[in-house]
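The sequence shown lines up with residues 1 to 293 when you count with full-length UniProt numbering.
Each residue gets a CB set at the ideal place from its N, CA and C atoms; glycine is no exception.
Just so you know, these numbers come straight off a predicted model, no measurement behind them.
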Amino acid sequence: MVVEIKKIGVIGSGQMGSGIAHVCALSGFDVSLSDLSMDRIESGLASINGNLARQVQKGQITEEERSAALGRLSMAQDLDLLADVDLVIESAVENEQVKRKIFAQLCPILKPEAMLATNTSSISITRLAATTDRPERFIGIHFMNPVPLMELVELVRGIATEDETFEAAKGFVKTVGKTVAVAEDFPAFMVNRILLPMINEAIYTLYEGVGSVESIDTAMRLGANHPMGPLQLADFIGLDTCLSIMQVLYEGLADTKYRPCPLLVKYVEAGWLGRKTHRGFYDYRGDEPVPTR
Ligand SMILES: NC(=O)c1ccc[n+]([C@@H]2O[C@H](COP(=O)([O-])OP(=O)(O)OC[C@H]3O[C@@H](n4cnc5c(N)ncnc54)[C@H](O)[C@@H]3O)[C@@H](O)[C@H]2O)c1
C-alpha cells in the first residue's frame with residue numbers, strides 16, 4: 001500500500017533540508033518545510049530563494065520555473081500540517097535521539113500509507129525504522145551536499161523495507177533528476193564510510209602538527225586532485241555532522257581506526273561548526289576565509 005508521491009514534507013530546514021525542498025519543488029512536488037521555529041524555516045526559504053535566483057542567472061532554469069517552484073513551497077512549523085503528505089524526508093540534525101523524537105511525534109499524524117524517509121548520513125536505517133509504526137514503508141534517502149548540484153543519492157533499505165517502498169523511492173530520486181547508488185544498511189553507508197575517515201585523518205594530521213590547515217588542504221587539492229581540501233570540505237559539511245558520523249562509525253564498527261580526532265571534538269565543543277556558524281578550520285567572517293590554525 002504505497003501512495004503516489006505528490007506532496008512531500010521535509011523536516012529540518014538547514015543546509016540539507018532546504019536543498020532537498022529546493023529540488024523537490026523544482027521537480028513539481030508540493031513541499032511543506034518544517035523546523036523548530038518560523039525563523040529557521042524562513043531562513044531555509046531565503047536560501048532556497050537565493051539559490052533559485054542564482055540558477056536563473058546562470059540560465060539553468062527560467063524565471064517561470066523559479067516562481068512556480070517557490071509557489072509549491074509552504075511552511076509547516078507545526079508537524080500537524082504534514083497530515084496530508086505522501087512522503088516525509090527527515091533532515092534534522094545528525095542525532096539519533098532527535099530523529100527518534102521527531103518520528104514518535106510525526107507517526108500518529110501521518111496517513112497510514114505515507115512513506116517515511118531519513119536523510120541521515122550514518123545512522124542505522126533499520127534501528128530508526130524500528131522506532132516507527134511503519135518500518136516496511138521506511139527508507140534511507142541520502143542526498144549529497146549541496147543538493148541542487150550533487151548528482152548522487154544513496155538509497156538504503158532497512159531490514160523491513162518493502163520492495164514497493166524501495167521502488168517508489170527509486171522513482172522519486174529519478175524524478176528529482178538524481179542518480180541512485182544502493183547501499184547496504186551499515187554505519188555511514190558508502191560515501192561517508194570512505195569520506196569521513198579521510199577527513200578525520202586530515203584533522204589528525206593537523207592535530208599532530210604534520211601540516212597547517214592551508215598546507216593540508218593545498219596538499220590534497222594539488223597532490224590528490226581533490227576539488228577542495230579535506231578541512232575546507234569538513235567546514236562545508238558541518239563539523240558537528242562530521243563528529244556525529246565518526247561516532248556512529250566508531251561505535252557501530254567497534255574499531256579504534258574510527259576514533260574521532262580530539263581536535264574535531266574541541267572545535268565542536270567551541271561551537272565552531274564550519275561555514276554554517278562562520279568559523280571552523282577557517283574563519284569566514286571577513287572577505288576571504290582565514291585558517292584558524
Ligand atoms: N551537511 C552535509 O554535508 C550532509 C550531507 C548529507 C546528509 N546530511 C544529513 O542531513 C541532516 C541535516 O544536516 P544539515 O547539514 O542540513 O544540518 P544543519 O545543521 O544545517 O540543519 C539541521 C536543521 O535541523 C533542525 N532541527 C533540529 N532539531 C529539530 C527538530 N526536533 N525538529 C525539526 N528540525 C530540527 C535545526 O534547527 C536545523 O535547521 C543530518 O542528518 C545530516 O547527517 C548532511
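Distance cut-off 6 Å: residue i Cβ against heavy atoms of ligand 1
{"i": "Q77", "result": "no"}
{"i": "I199", "result": "no"}
{"i": "I237", "result": "yes"}
{"i": "Q15", "result": "yes"}
{"i": "G286", "result": "no"}
{"i": "R40", "result": "yes"}
{"i": "E94", "result": "yes"}
{"i": "V173", "result": "no"}
{"i": "V98", "result": "yes"}
Alpha-carbon spacing of residue i relative to residue j, whole angstroms
{"i": "Q105", "j": "P230", "result": "37 Å"}
{"i": "G274", "j": "M16", "result": "15 Å"}
{"i": "T292", "j": "S212", "result": "9 Å"}
{"i": "R221", "j": "E65", "result": "36 Å"}
{"i": "S34", "j": "C24", "result": "14 Å"}
{"i": "F166", "j": "F172", "result": "10 Å"}
{"i": "N225", "j": "T132", "result": "43 Å"}
{"i": "I139", "j": "V182", "result": "11 Å"}
{"i": "G158", "j": "A46", "result": "34 Å"}
{"i": "L206", "j": "W272", "result": "16 Å"}
{"i": "D283", "j": "A188", "result": "28 Å"}
{"i": "F143", "j": "T118", "result": "10 Å"}
Exposure label - residue i; buried when at least 16 CB within 10 Å
{"i": "I194", "result": "exposed"}
{"i": "G44", "result": "buried"}
{"i": "K257", "result": "exposed"}
{"i": "S18", "result": "buried"}
{"i": "T62", "result": "exposed"}
{"i": "M246", "result": "buried"}
{"i": "residue 367", "result": "Outside the shown range of the chain, which is 1 to 293, sits residue 367, and nothing can be said about it."}
{"i": "E154", "result": "buried"}
Secondary structure of residue i, DSSP reduced to three states
{"i": "S74", "result": "strand"}
{"i": "F143", "result": "strand"}
{"i": "V93", "result": "coil"}
{"i": "T132", "result": "coil"}
{"i": "V173", "result": "helix"}
{"i": "D240", "result": "helix"}
{"i": "Y282", "result": "strand"}
{"i": "P148", "result": "coil"}
Contact with chain D by residue i, beta-carbon distance below 7 Å
{"i": "E94", "result": "Here chain D cannot be found, since the structure has a single protein chain."}
Take every Cβ of the segment 68-86, pair it with every Cβ of the segment 104-121, and state whether three or more of those distances are shorter than 8 Å. yes
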